[in-house]
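This report refers to the structure that appears directly beneath it.
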Amino acid sequence: MKIIINLYIYLSRFLYMFFKVLPVRNKVVMISRQADFVNLDFKLLGKELEEKYKVVYLCKMLKSGIKAKLRDKISYGFHTLRQMYHLSTSRVCILDSYCPTVSILHHKKKLTVIQMWHSIGTMKKFGYSILDTEEGSRRMLAKLMHMHENYDLIFAASSAYSSHLAAGFNCEKEKIVIKTLPRVDLLLSKKYEQEIREKILKEYPSLKQKKNILYCPTFRKNEKNFRKAVQKLIDNIDYSKYNLIIKLHPLSKTKVTDKRVLFDTKFSTFEMLFIADLVVSDYSCIIYEAGLKNIPIYFYSFDIDDYQTKRGLMIDYKELPGYKEKKASELVKTFEKKYDYKYLREFTDKYVTNKKNCTRKIAKVVSNYMK
0 MKIIINLYIY LSRFLYMFFK VLPVRNKVVM ISRQADFVNL DFKLLGKELE EKYKVVYLCK
60 MLKSGIKAKL RDKISYGFHT LRQMYHLSTS RVCILDSYCP TVSILHHKKK LTVIQMWHSI
120 GTMKKFGYSI LDTEEGSRRM LAKLMHMHEN YDLIFAASSA YSSHLAAGFN CEKEKIVIKT
180 LPRVDLLLSK KYEQEIREKI LKEYPSLKQK KNILYCPTFR KNEKNFRKAV QKLIDNIDYS
240 KYNLIIKLHP LSKTKVTDKR VLFDTKFSTF EMLFIADLVV SDYSCIIYEA GLKNIPIYFY
300 SFDIDDYQTK RGLMIDYKEL PGYKEKKASE LVKTFEKKYD YKYLREFTDK YVTNKKNCTR
360 KIAKVVSNYM K
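Residue numbers (numbering that gives the first Met the number 0): 0 to 370.
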C-alpha cells in the first residue's frame, strides 16, 4: 500500500510539472469532493466573483473511495488532471473539503489555497483529531497523503472554535480567518424564506396542517443500530400533532419506507429548515443553521456513549442547547416542555459571530489575492 501511494504521489507531481509551465490567469477554481453538483456556498460566492474574475467549478465525488469501480476510478483520474490544470493556472483555489490533489502537489507561489469548510461551526472530531480511530483515517495514510496540507487560509464563523479547526487540520491558529459561509445570507433572508416555503408547501400541502419536525442525523459508517433508532423515533411521534420529515446524510444507505413520515429527496436539508418548527439531530452541524433561524433544537443521542468512543466530539455535549435524550419515547415528551430560547440565542451568537454580508466579505478576501 505504501509503495503504491508513493508511486501515485510521485507520478502526480511529475505530471504537474508540465501543467505548471502554463501561465497563471485571473481565475478562481472551486473544488469539492462532497457532491457531483455545485453547492450553495460555491454558487453564491461564484456569482459575486464572476463579475470580475473567471470562476471554474470542479465538483465530483468518488463514491466508495478506494473500493470504487474501475470505470469510476478512471473517470476520477481524468478529473484529477482537470484539477491540476486549473490549480496551475489559477490565482485562488477554494475548497469545501479535503482534496488530495491540493495537498500532495507543490504549487506555484502565486496560488492561494482557501479552505472554506462545508459546515458552520464544529461538532464531530475530524481529520487529525480522529486518526487511528474506527471513524477516522490511519495515521500512516494521512501522513503519506499530506492530508489537509497547503492551506493558506481557513474560514471559521467564530474564534470560539478556532482551536477545533486547528486540531482537525493540524495547522496554526494564525491561518484561521473569521468569515461565515455564504449560505447564511440566504438563511436570514425573508425573501428567500418565502420563496422556499412556497415551493415546499406546493409540493407537500399537508405540511401546512401540523407542526413540522425535521430530523437530520449525522452519518455513521455502521448503520445497523441507527436504522433501529430511526424506526423507534418514527413509532413514537404523535402524528395527530406533528409531521415528521426525515433528511438523512447524502452518504447514508438507510431507506425509510414508513408511510407515516415524509422521506424527502426533492429538497435539501438547508431548504427544509424554512418549513421546520422543531429540529431533531444528534451530532450534526445543522444545529447552527437551526439556531440562526431560532428553531428549537432537540438531540436524539441514542448512541452517545458509543459515538464518543468511536469518534468523539469537539464540543462539550452538555453545552449544546436543547433537550437531550437517548430514548425516542423520552425525547418526544420534551417537545411539549418549555424551551430555553435565550440559551439557544447565546449559544448561536457564540459560535456564529459574523452574520451579515457573508458572501461579499469572503469575496473581498479572495479579491485581495487576485491580480
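Even glycine gets a Cβ: it sits at the ideal position worked out from N, Cα and C. The model shown is predicted, which means the values in this text are computed figures rather than measured ones.
Discussion item. Taking only three categories from DSSP, how would you classify Ala-155?
Written reply: strand
Discussion item. So, at 6 Å on beta carbons, what are the nonlocal neighbours of Phe-225 in its own chain, with the 5 sequence-adjacent residues on each side left out?
Written reply: Arg-219
Practice prompt. Check Ser-136 in the structure and name its three-state DSSP category.
Written response: coil
Worksheet item: For Ile-294, which residues from the same chain have a beta carbon less than 6 Å from its beta carbon, with the 5 sequence-adjacent residues on both sides left out?
Response: Ala-275 and Val-278
Worksheet item: Is it buried or exposed for Asn-5, if we count other Cβ within 10 angstroms and need 16 for buried?
Response: exposed
Worksheet item: In chain order, which continuous runs of the alpha helix (DSSP H) of length 4 or greater are located wholly inside the stretch 254 to 284?
Response: 268 to 271
Item to complete: Spell out a yes or no on whether the stretch 203 to 222 and the stretch 239 to 247 are touching, meaning 3 or more CB-CB pairs, one atom from each, closer than 8 Å.
Response: yes
Worksheet item: Under the rule that 16 or more other beta-carbon atoms within 10 Å means buried, what is Leu-10, buried or exposed?
Response: exposed
Practice prompt. Report yes if the C-beta distance between Val-176 and Ile-93 is below 8 Å; otherwise report no.
Written response: no
Worksheet item: What three-state label does DSSP hand Thr-352 in the structure shown?
Response: coil
Practice prompt. Would you mind working out which of Arg-182, Tyr-203, Leu-14 and Phe-168 sits nearest Tyr-84, comparing C-alpha positions?
Written response: Leu-14
Fill in: Presumed contact (8 Å Cβ cut-off) between Thr-88 and Val-23, rounded CB distance
6 Å
Fill in: Closer than 8 Å to chain D by CB, Asp-304
Among the protein chains of the structure shown there is no chain D, as only one such chain exists.
Practice prompt. Determine the contact status of Phe-266 and Ile-361, defining contact as a CB-CB distance below 8 Å.
Written response: no
Practice prompt. Just list the alpha helix (DSSP H) runs in the stretch 60 to 93, keeping only unbroken ones of 4 residues or longer that don't cross its boundaries, in chain order.
Written response: 69 to 88
Worksheet item: Mind checking Asn-367: buried by the 16 CB within 10 Å criterion, or exposed?
Response: exposed
Worksheet item: In terms of residue numbering, what span does the alpha helix (DSSP H) encompassing Val-229 cover?
Response: 223 to 235
Discussion item. What does the alpha-carbon distance come out to for the pair Ser-283 and Val-37?
Written reply: 21 Å
Worksheet item: Do you know offhand how far Val-331's Cα is from Leu-206's?
Response: 19 Å
Fill in: Pro-99 to Phe-77 span [Cα, whole Å]
14 Å
Practice prompt. Write down every uninterrupted run of the alpha helix (DSSP H) in the stretch 285 to 367 whose length is 4 residues or greater and which is fully enclosed by it, in chain order.
Written response: 285 to 291, 303 to 309, 327 to 333, 340 to 350 and 357 to 366
Discussion item. Considering only DSSP beta bridges, list what Gln-114 is partnered with.
Written reply: Leu-94 and Ile-153
Discussion item. For Glu-47 and Lys-231, I'd like the C-alpha separation in whole angstroms.
Written reply: 45 Å
Fill in: Enclosing alpha helix (DSSP H) for Lys-210 [first to last residue]
Here Lys-210 belongs to no alpha helix (DSSP H); instead the beta strand (DSSP E) covers 210 to 214.
Item to complete: Label Phe-17 either buried or exposed according to how many other C-beta atoms from any shown protein chain fall within 10 Å of its C-beta, with 16 as the threshold for buried.
Response: exposed
Item to complete: Return the CA-CA distance between Lys-349 and Ala-156, expressed in angstroms with no decimal places.
Response: 9 Å
Discussion item. Counting C-beta neighbours from all protein chains within 10 Å, is the total for Leu-343 16 or more, i.e. buried, or is it exposed?
Written reply: buried
Fill in: C-alpha distance - Ser-443 paired with Ser-328, whole-angstrom precision
Outside the modelled stretch of the chain, which goes from 0 to 370, sits residue 443, for which no answer is possible.
Worksheet entry | DSSP three-state assignment for Val-54, whether helix, strand or coil | strand
Discussion item. Whether or not the stretch 115 to 132 and the stretch 140 to 156 are in contact is what I'm after, with contact meaning three or more pairs of Cβ atoms, one per stretch, closer than 8 Å; do they touch?
Written reply: yes
Discussion item. For Asn-149, count the other beta carbons within 10 Å of its own beta carbon; 16 or more makes it buried, fewer makes it exposed. Which is it?
Written reply: buried
Practice prompt. Answer with buried or exposed for Met-115, where buried requires no fewer than 16 other C-beta atoms within 10 angstroms of its C-beta.
Written response: buried
Discussion item. Along the chain, where does the alpha helix (DSSP H) containing Lys-101 start, and where does it finish?
Written reply: Going by the sequence as given, residue 101 is Val instead of Lys. Unbroken alpha helix (DSSP H) run through Val-101: 99 to 103.
Discussion item. Could you give the first and the last residue of the continuous beta strand (DSSP E) run that contains Lys-26?
Written reply: 26 to 31
Worksheet entry | Continuous alpha helix (DSSP H) stretch holding Asn-5: start and end | 1 to 18
Worksheet item: Grouping DSSP H, G and I as helix and E and B as strand, with all else coil, what is Val-183?
Response: helix
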